[in-house]
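Residue numbers (our numbering): 285 to 1362.
Where a beta carbon is used, it is the ideal one built from N, C-alpha and C, also for glycine.
Remember, it's a predicted structure, so these values are computed and weren't measured experimentally.
Remarks on the structure that follows.
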């Protein structure tokens, strides 16, 4: 479906004063090239100046049958005929003819001029390009300037080369610099043509493609893409250079053989559309002929991209002539962050047309049919541009919109279809704009905003009766031939009415239905050459907006309104892409020309910046209008209001004013606007609404979606809302919807803002603390603002959080732990909350201890273990008099939520204290905070989870002069397996604890330490201090254990040589008895 809008895309038109009747036209480089009927002279006119003055004229070497201009290299290429032969020629440096110079050099391809011809200065050159076959069509690459020639059965690709006078004897190099539009336009001035160091263009044949089953009528080239068009089919392939080529000959040969087997039985071609890799299944084989340059350039590899074949619908009365293709075009599009001279285009589009319909495909990033244009009448030719598709019929010029900008936007930003950005879809239906009427249009070409039209009145010829007689003879011949074919395969047409009806139609002969071009009458029946200027995109956008107001006034939800505004959106996107490209080109051109012209580039930059500013403002306005459309639209598309409103840059207050229901209309706010408003409020934002705006938001949701009121009230944007008014609305909601924990908590928050603490307390006591925790999980923003999903580093507690820290710290800690475990808040955000509350040393440590009880993530557990261990060590290093003032983790007077015993009983990471620690721990010799920190740190070291190596650097801060300090160092040494040194240290400092230590640690694999380490140490020490009762008691306990664990022989070997036998005899007797019993 094609939408039709009465918007006029044309601003003015003028007639080019041409002396002779034009036969062929083309344009490029700011110039219009006209070949007069008869075709031996080319005239160039300046399209950039009023009246299109003549730039130059020059003669050709033959009758021009086809002419093309290349933007890269600024050269002309022609197919010429002379003396029944066809030639291909390129005309370079043609602008030098503007000064009236008669010097023209003629040379063959690859043979640069030398001697006097070069020393005489720059001149126009005619390059003769020899071919083995007659050229039929020619195309120039808009990106590289390469040349593609279509012959009867082959395609020949020529690479553009450029070298200057100093480097003629060197190897030819690829064209690397961009011949920008600004350079081409400025070079049209006759006073700016000469160059002290002229460039010489040449071509090098790089590859030859052989086609089977297809005769080219038109060709197109863009970068690596090659397109060829026959009478009824279009084929697009991609040529790439590779060091490891794919061999295509075998598959091509098999395909050709397969086709030859079936060609005799194929009466009519079937309709086909093969995209991407499927295009290789077409019946057209393409083979690459080596040119001998592969060693230096790499091997060419070929891949199929697109194949489309049409067939006439004979039963609908269509002839082959009405199905004949035309206007093949490959069109590149660069995005704003690209450099044309260094990169390939972001997008490449392929367009071709039937007389009744046109087709636009996107080739890069997946082949896709973007648009199918249904023409109201027979179209003669079509030209694709960034903004519009221009088509001509016999009597009119018409424009259609294109979807190139939609493709470019998605390639430039793959995430454009999100909640932040949006763009109309590539598959959106196209629209036709107002028609401009003409008489006898024959040809069209486009340069920039100039559309050049050639019109000529039809002249009746005396050949028509003769053609009619010839056609009737061909009809009879066709009927007889096809009847014979059907009878040969066993089908009698007389018995099948459908076949008999088909054979009676004169539509099967392709030879006579394709009419040859008419020769223009020499007598002349009137002709004109028009230059029609299109309006600026901004002007066309404004007209579209004015036109859309008609739909907005009658039906704001009309599909046509949305479609027209989407068309305007794509128009502005294309303009912004071009403006950014123009600005980049001007900046590149201004750097080398600063000394020669300091004023020109700055003026151009200022003009481009002004245009860019106007376009951006219009773009924001259009986004707001599209947002308005989707805000009132259906549920299926209402979500699009969010990205368009965001791109508009309007504040939520301005958007609420745009969406207020009109007076006299009971219609409430649209679903799209509510969708936007919920995202604005539910996602974290730093913009705080005024009380008036916040109260309006509450009113909106109380009328439209009361169930969302709790979440809306929790938004940080609404902290200025009136608490009394909001409380009334919430109480009404509670009366209608019932009591809920989040609603009660929200009402308590409003009471807190009203400083009504008794009522606040009453509301908070409605539910148990655990139930309140579930309510905070359901709506986390009741406790904290910011930090959503880690996108915002700054988080802050709410007024309710501050009140809970004072009155119900346990509830606050439990709630934050629950939020973390349910992925509602991150650990660093929770830490920041407690820092904001000035509770780093009390509630924050309580939170970490509670997290150790709740968390199951190993990385978080290890981090928290290190944190709490460092806090305990900090507390222990402070003296009792300094505990309240020094250090970031100095303990407060408030008792911790969990004691050491609580943690030992409820948290697996805290272990029960070893029995020998009781001997070492002081009894009430330090403050209670100091004692609690000691027990918790000892419990951590007794537990299974804390990595001792991670806390060893911190333990160095603790002195081992005190028993409790010694106990911590001894715990660390024991955890690290240093039992020998630990036994020695313990015997030195506290021998009364040695047996308890040994009973706990010297077990299983460490049992041997009883007689290998402990027994010798005790014997040696008692020998020195015989009256030490503690050592003697420990020695006796040790001998009992050794006697139980060793054999009599081993026991005897362990006895000291100078020991008293009577002292060891009872233990030896016990050992022997145990051994006998065993």
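Environment of residue i [buried if 16+ CB atoms lie within 10 Å]
i: residue 1212; result: exposed
i: residue 307; result: buried
i: residue 479; result: Its pLDDT being 43, under 50, residue 479 is placed unreliably in this model, and the coordinates cannot settle the point.
i: residue 1130; result: buried
i: residue 1004; result: exposed
i: residue 1038; result: exposed
i: residue 1345; result: exposed
i: residue 491; result: buried
i: residue 843; result: exposed
i: residue 944; result: exposed
i: residue 976; result: exposed
i: residue 1046; result: exposed
i: residue 795; result: The pLDDT assigned to residue 795 is 37, lower than 50, so where the model puts this residue is not dependable, and the model offers no usable value.
i: residue 330; result: buried
i: residue 613; result: buried
Nearest candidate by alpha-carbon position, reference residue i, set the options
i: residue 380; options: 359, 1037, 1200, 370; result: 359
i: residue 596; options: 1018, 607, 590; result: 607
i: residue 643; options: 426, 848, 687, 1290; result: 687
i: residue 428; options: 422, 437, 444, 434; result: 444
i: residue 278; options: 322, 816, 1101; result: Given a span of 285 to 1362 for the chain in the structure shown, any question on residue 278 remains unanswerable.
i: residue 661; options: 638, 568, 670; result: 638
i: residue 341; options: 355, 318, 356; result: 318
i: residue 572; options: 563, 585, 562; result: 585
i: residue 1158; options: 1218, 1099, 693, 1193; result: 1218
i: residue 933; options: 900, 913, 695, 495; result: 900
i: residue 986; options: 504, 964, 1009, 1243; result: 1009
i: residue 649; options: 631, 1320, 411; result: 631
i: residue 816; options: 292, 1354, 1357; result: 292
i: residue 374; options: 665, 486, 709; result: 486
i: residue 676; options: 707, 349, 1192, 719; result: 719
i: residue 416; options: 851, 424, 353, 433; result: 433
i: residue 1296; options: 845, 1268, 1311; result: 1268
i: residue 1306; options: 1340, 353, 906; result: 1340
i: residue 708; options: 1355, 614, 685, 312; result: 685
i: residue 396; options: 446, 564, 1299; result: 446
Limits of the beta strand (DSSP E) - the one that residue i falls within
i: residue 697; result: Unbroken run through residue 697: none, as it is neither H nor E.
i: residue 588; result: 583-593
i: residue 306; result: 306-312
i: residue 419; result: 419-424
i: residue 395; result: Premise fails: residue 395 is in no beta strand (DSSP E) and is neither H nor E.
Sequence-distant residues of the same chain with beta carbon closer than 7 Å to residue i, five excluded per side
i: residue 455; result: With a pLDDT of 37 at residue 455, under the threshold of 50, the predicted position of this residue should be treated as unreliable, though the coordinate-derived value follows. The answer is none, since no qualifying residue turns up.
i: residue 995; result: 966, 1063
Neighbourhood of residue i by C-beta distance below 6 Å, restricted to the same chain and skipping five residues each side
i: residue 960; result: 925, 926, 929
i: residue 1235; result: 1153
i: residue 954; result: 915, 916
i: residue 392; result: 412
i: residue 1116; result: 1079
i: residue 233; result: Residue 233 falls outside the range modelled here, since the chain spans only 285 to 1362, and no answer is possible.
Neighbourhood of residue i by C-beta distance below 8 Å, restricted to the same chain and skipping five residues each side
i: residue 1351; result: 1323, 1324, 1326, 1327, 1335
Contact with chain C by residue i, beta-carbon distance below 8 Å
i: residue 1036; result: Annotation note: the requested chain C is absent from the structure, which comprises a single protein chain.
Any non-hydrogen atom of the ligand GTP closer than 7 Å to residue i Cβ
i: residue 846; result: Although the ligand GTP was asked about, the structure shown includes no ligands whatsoever.
The alpha helix (DSSP H) enclosing residue i, as first and last residue numbers
i: residue 1219; result: 1212-1226
i: residue 521; result: Where residue 521 is concerned, there is no enclosing alpha helix (DSSP H), although the beta strand (DSSP E) it sits in stretches over 517-526.
i: residue 1154; result: 1142-1161
i: residue 1314; result: 1313-1329
Mind listing, in chain order, the continuous beta strand (DSSP E) runs of no fewer than 3 residues lying wholly within the region 806-835?
811-818
My parser needs the alpha helix (DSSP H) runs of 4 or more residues fully inside the region 913-977; what are they?
925-932, 936-942, 955-966
Which ranges would you report for the beta strand (DSSP E) in the region 617-683 if only whole runs of at least 3 residues count?
631-637, 641-646, 652-658, 665-668, 672-676
In chain order, each alpha helix (DSSP H) run of at least 4 residues that lies wholly inside the region 1025-1108:
1025-1037, 1041-1048, 1053-1062, 1083-1091, 1093-1105
With a floor of 3 residues, list each beta strand (DSSP E) that falls wholly inside the region 322-372, ordered by position along the chain.
325-330, 338-343, 347-354, 359-366
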